[in-house]
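If you count the sequence shown from 1, position 435 lands on 435 in full-length UniProt numbering, and the numbers rise without skipping. Every residue gets a Cβ at the ideal spot worked out from N, C-alpha and C, and that includes glycine.
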Amino acid sequence: MSSHGEARAMVSRKSAGLRGQAEVPGDKSISHRALILGALAVGETRVSGLLEGQDVLDTASAMRAFGAEVEKRGDVWHVTGVGVGGFAEPAQVIDCGNSGTGVRLIMGAMATTPISATFTGDASLNKRPMARITDPLRQFGAHAYGRSGGRLPLVLVGAEQAMPVRYATPVPSAQVKSAVLLAGLNAPGETVVIEREATRDHSERMLAGFGAVISSEDGPEGRVITLQGQPELRPQVIAVPRDPSSAAFPVCAALITEGSDVLVPNIGLNPTRAGLFFTLQEMGADLVFENPREEGGEPVADLRARFSPNLRGIEVPAERAASMIDEYPVLSVVAAFAEGRTHMPGVKELRVKESDRIEAMAVGLRACGVTVEAGEDWWTVEGRGFGAVPGGATVATHLDHRIAMSFLVLGLATEAPVTVDDGGPIATSFPVFEPLMRGLGADLGAADADPAR
1 MSSHGEARAM VSRKSAGLRG QAEVPGDKSI SHRALILGAL AVGETRVSGL LEGQDVLDTA
61 SAMRAFGAEV EKRGDVWHVT GVGVGGFAEP AQVIDCGNSG TGVRLIMGAM ATTPISATFT
121 GDASLNKRPM ARITDPLRQF GAHAYGRSGG RLPLVLVGAE QAMPVRYATP VPSAQVKSAV
181 LLAGLNAPGE TVVIEREATR DHSERMLAGF GAVISSEDGP EGRVITLQGQ PELRPQVIAV
241 PRDPSSAAFP VCAALITEGS DVLVPNIGLN PTRAGLFFTL QEMGADLVFE NPREEGGEPV
301 ADLRARFSPN LRGIEVPAER AASMIDEYPV LSVVAAFAEG RTHMPGVKEL RVKESDRIEA
361 MAVGLRACGV TVEAGEDWWT VEGRGFGAVP GGATVATHLD HRIAMSFLVL GLATEAPVTV
421 DDGGPIATSF PVFEPLMRGL GADLGAADAD PAR
């Protein structure tokens, strides 16, 4: 079963060159945060370019349940907020579907308001660890009651009298950091988050844009982020840049598909998110940034990716992992077509995503004829070179949108087709993936479709 319907098997086949312009959706991380902070502001926030995947739509529904007005008029989303500390107790269970980002940020946003809410999700989300969020939220005075290991479904009871905290994140996670900062909004005094490894900083940028007093500086402990509690957030007009994690799929497909030349415009290149693209360039990819600029406080450029038959395996720096954690599955696909070994250390966070992404990719790549070695915190792909990956397997996606898209990209350049057992979860983050890729010339679609062209 997919997260929102019956399983839908999909297949991709060796394709001629991909060509054209790929208009990928808005950034998922920024879309979630725009809705949540808009709901915590006083007045109407207007958001254009919002990703309308199921993950973000579930967050919009949650904000309505907490009392904010959220509606789409034309191409713009309008969010009328209730102010910091103004969330109402929801009358229904908050179902966050497949979205770990959504549920963790929402729990943070409500944790310092004296209300209760019950959170659940799909089968994949309900397996994911939530103690990493509920543990620091308890320090504010919140209480969580749920399944063993802190898993969903759970009831979160907000703090009666919130206290600010100083919290060092035990793992590099923007979700943990953001949940603590959002909780700190309704706590008096200063909430401090310390992260040893820098993670994506969309929350810090957007909090400042909404009027919060927040600072970030590097110290001996790592990056120290300080938030002054109980601000009145001001509504904003937000243009969401296009998602670099979604851009990764047409970019990587172009690099491994002979004859390709694809332009992916208006991609956010926040340095805490762009690690994949620098890694691909180090592997010898014909990938260039055109028209670099800044939009809404975020660096943006157009990406041009061309077929790159002479890719080489590399050692990916462990310290880069936080800036590309969601892109390792599709990077491993590119690595399969490189010459030599690509080693990816420092990636244990992949074990607790929508699926165990290291295991899912390793099993699927091996079934397609690629040698993979893996440990708890690393994995290695032995590249076979262009034109030498057999394919021919049916791969289990484990309700994980990025696993599904990664193997559909793989099949565009393998000798035999590659099938995924369920492409339904792709809609959570990239609802136009199939028509966009087909528009570029990719031979993919429903597994039961007639392959004749």
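With a Cβ-Cβ cutoff of 8 Å, do residue i and residue j count as a contact?
i, j, result
"residue 262", "residue 410", "no"
"residue 394", "residue 55", "no"
"residue 22", "residue 264", "yes"
"residue 404", "residue 423", "yes"
"residue 243", "residue 25", "yes"
"residue 113", "residue 186", "yes"
"residue 27", "residue 268", "yes"
Got a sec, what are the start and stop residues for the alpha helix (DSSP H) residue i sits in?
i, result
"residue 178", "174-184"
"residue 250", "244-256"
"residue 30", "28-40"
"residue 21", "Taken as a continuous stretch (DSSP letters only), residue 21 belongs to no alpha helix (DSSP H), being part of the beta strand (DSSP E) at 19-21."
"residue 364", "357-367"
"residue 302", "Looking at the DSSP string, residue 302 is not in any alpha helix (DSSP H); the run it does join, the beta strand (DSSP E), is 298-306."
"residue 101", "100-110"
"residue 56", "54-65"
"residue 282", "275-282"
"residue 133", "131-140"
Report the rounded CA-to-CA distance for residue i versus residue j, giving the unit in angstroms.
i, j, result
"residue 328", "residue 417", "22 Å"
"residue 38", "residue 211", "12 Å"
"residue 86", "residue 40", "7 Å"
"residue 246", "residue 270", "14 Å"
"residue 58", "residue 33", "13 Å"
"residue 452", "residue 292", "Unreliable placement is indicated for residue 452, whose pLDDT of 43 sits below 50; the coordinate value is still reported in the next sentence. If you take the alpha carbons of residue 452 and residue 292, they lie about 41 Å apart."
"residue 162", "residue 391", "55 Å"
"residue 13", "residue 48", "35 Å"
"residue 223", "residue 177", "11 Å"
"residue 150", "residue 289", "42 Å"
"residue 134", "residue 304", "42 Å"
"residue 2", "residue 352", "Unreliable positioning characterises residue 2 in this predicted model, as indicated by a pLDDT of 39, which lies under 50. A coordinate reading is not provided."
"residue 389", "residue 96", "37 Å"
"residue 234", "residue 184", "17 Å"
"residue 90", "residue 203", "24 Å"
"residue 10", "residue 295", "36 Å"
"residue 277", "residue 193", "28 Å"
"residue 266", "residue 298", "11 Å"
"residue 68", "residue 62", "9 Å"
Tell me which residue opens and which closes the beta strand (DSSP E) that residue i is part of.
i, result
"residue 398", "No beta strand (DSSP E) contains residue 398, which DSSP labels as neither H nor E."
"residue 10", "10-13"
"residue 481", "This structure cannot speak to residue 481, because the chain is shown only from 1 to 453."
"residue 293", "286-295"
What does DSSP give as the partner residue(s) for residue i in the beta ladder?
i, result
"residue 72", "77"
"residue 215", "226"
"residue 344", "379"
"residue 315", "343"
"residue 267", "242 and 301"
What whole-angstrom Cβ distance do residue i and residue j have, given they're in contact under 8 Å?
i, j, result
"residue 182", "residue 36", "7 Å"
"residue 306", "residue 279", "In fact, because the Cβ distance is near 17 Å, the residues do not count as touching under 8 Å."
"residue 338", "residue 312", "6 Å"
"residue 17", "residue 259", "3 Å"
"residue 175", "residue 45", "Actually they do not touch by this definition, with Cβ atoms about 22 Å apart."
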